[in-house]
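Read in my numbering, the sequence shown has 173 at position 114, and its numbers run on one by one without any break. Where a beta carbon is used, it is the ideal one built from N, C-alpha and C, also for glycine. First up is the structure itself, then whatever we jot down about it.
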Amino acid sequence: MALHPFQSRLQAPVVRPLRRAIQWLWHQEGNPGQRARGLAAGVFCGCFPFFGLQTLLGVALASVVRGNHLLAAAGTWISNPFTYLPLYWFNFKLGSMLLGPGMGWPGLDTLRSEAVWQLGWSFTSRILLGSLLVGLATGPVLGWLYWRWLLHGHGAQPEQE
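See the structure below:
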C-alpha cells in the first residue's frame, strides 16, 4: 500500500532519524567477528537463571572476549518471559540427567528440617550445570551462525586472527 505524499512527508522527520540511530547502533564495534563474539557472549549469559544480572554479565563477558556490547545485551534476551519456563526446565533436566535425579520433591517433614538447604543445593547445582552446558552449546553456535550471516549478507571478509 503506497503512502500518500503528505503522509510520507509527515513520517520522514520520524523515520529518518530513527533509521540513522538504528544504523549507528548496528555499526558500533564494527567487524563481524566482534559482533558475533558479542552475540555469543550474550546468549551464553542468557542461558543462566541470574535474573537482572544477565545483561551485566553478558556485557562484561563481551568485554573479555572483545565483542560488541550492544549485541551482548541483546543476546541475553534469549531468556525472556516467554522462554523462561522451557529454557530453565530443559537446563534443569539436562543437569539432572548428568548428576542424577537429586532428592526429588520435598515432603512436609523435609521443609521443617535443615534438609531443605540440601534440596536447595541439589536444585541449584542441576540447573547451573544444565545452564552452563546449554550456554556452551548455544552461544558459540549462534555466534558462528551470525558471523557467517554477516559475512554473506554484508560481503565482509573474514577477519584474520
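Query raised in the report: Can you round the beta-carbon distance between PHE109 and LEU116 to whole angstroms, since I take them to be within the 8 angstroms contact cut?
Result: Start at 1 with the first residue of the sequence shown, and residue 109 comes out as number 50. Start at 1 with the first residue of the sequence shown, and residue 116 comes out as number 57. The pair is a contact, with the Cβ atoms about 6 angstroms apart (cut-off 8 angstroms).
Requested in this report: Decide if TRP206 is buried, meaning its Cβ has at least 16 other Cβ atoms within 10 Å, or exposed.
Outcome: The residue given as residue 206 occupies position 147 in the sequence shown. It counts as buried.
Query raised in the report: Just the Cα atoms here: how many angstroms apart are GLY179 and ILE81?
Result: Along the sequence shown, one-based indexing puts residue 179 at 120. Along the sequence shown, one-based indexing puts residue 81 at 22. Answer to the nearest angstrom: the Cα atoms are 44 angstroms apart.
Query raised in the report: For THR142, which of helix, strand or coil comes out of DSSP?
Result: One-based indexing of the sequence shown puts residue 142 at position 83. Coil.
Report task. Give the C-beta separation of LEU98 and LEU130 to the nearest angstrom, bearing in mind that I take them to be a contact with Cβ-Cβ under 8 angstroms. Result -> Mapped onto the sequence shown, residue 98 falls at position 39. Mapped onto the sequence shown, residue 130 falls at position 71. That pair is a contact at about 4 angstroms.
Report task. Thinking VAL123 and GLY198 are a contact (beta carbons under 8 angstroms), I'd like their distance in whole angstroms, please. Result -> Stepping through the sequence shown from its first residue, residue 123 is reached at position 64. Stepping through the sequence shown from its first residue, residue 198 is reached at position 139. 13 angstroms between Cβ atoms; not a contact.
**Report entry** Reference PRO140; option with closest CA among TRP208, GLN93 and CYS106
**Finding:** Translated into the one-based positions of the sequence shown, residue 140 becomes position 81. If we check each option's Cα against that of PRO140, CYS106 comes out closest.
Report task. Determine the direct distance from the alpha carbon of ILE186 to that of ARG125, and round the result to whole angstroms. Result -> On the sequence shown, position 66 is the one that residue 125 refers to. On the sequence shown, position 127 is the one that residue 186 refers to. Whole-angstrom Cα-Cα distance: 28 angstroms.
Report task. May I have the straight-line CA-CA distance separating VAL73 from TRP203, to the nearest angstrom? Result -> Here the question's residue 73 lines up with position 14 in the sequence shown. Here the question's residue 203 lines up with position 144 in the sequence shown. In a straight line, the C-alpha of VAL73 is about 35 angstroms away from that of TRP203.
Query raised in the report: Taking all protein chains shown into account, do 16 or more other C-beta atoms lie within 10 angstroms of the C-beta of PRO160, making it buried, or fewer, making it exposed?
Result: Residue 160 sits at position 101 when you count from the first residue of the sequence shown. The residue is exposed, with fewer than 16 neighbouring Cβ atoms inside 10 Å.
Report task. Determine, using beta carbons only, whether ARG78 and ASN127 come nearer to each other than 8 angstroms. Result -> Stepping through the sequence shown from its first residue, residue 78 is reached at position 19. Stepping through the sequence shown from its first residue, residue 127 is reached at position 68. Taking 8 angstroms as the Cβ cut-off, ARG78 and ASN127 do not qualify as a contacting pair.
Requested in this report: Would you kindly check if the distance between the Cβ of VAL200 and the Cβ of PHE149 is under 8 angstroms?
Outcome: Taking the sequence shown and counting its residues from 1, the one referred to as residue 149 is at position 90. Taking the sequence shown and counting its residues from 1, the one referred to as residue 200 is at position 141. Cβ distance not < 8 angstroms, so PHE149 and VAL200 don't count as in contact.
**Report entry** Contact set for LEU158: own chain, Cβ-Cβ below 8 angstroms, skip 5 residues either direction
**Finding:** Here the question's residue 158 lines up with position 99 in the sequence shown. Once the five neighbours on either side are set aside, the close Cβ partners of LEU158 are SER184, ARG185 and LEU188.
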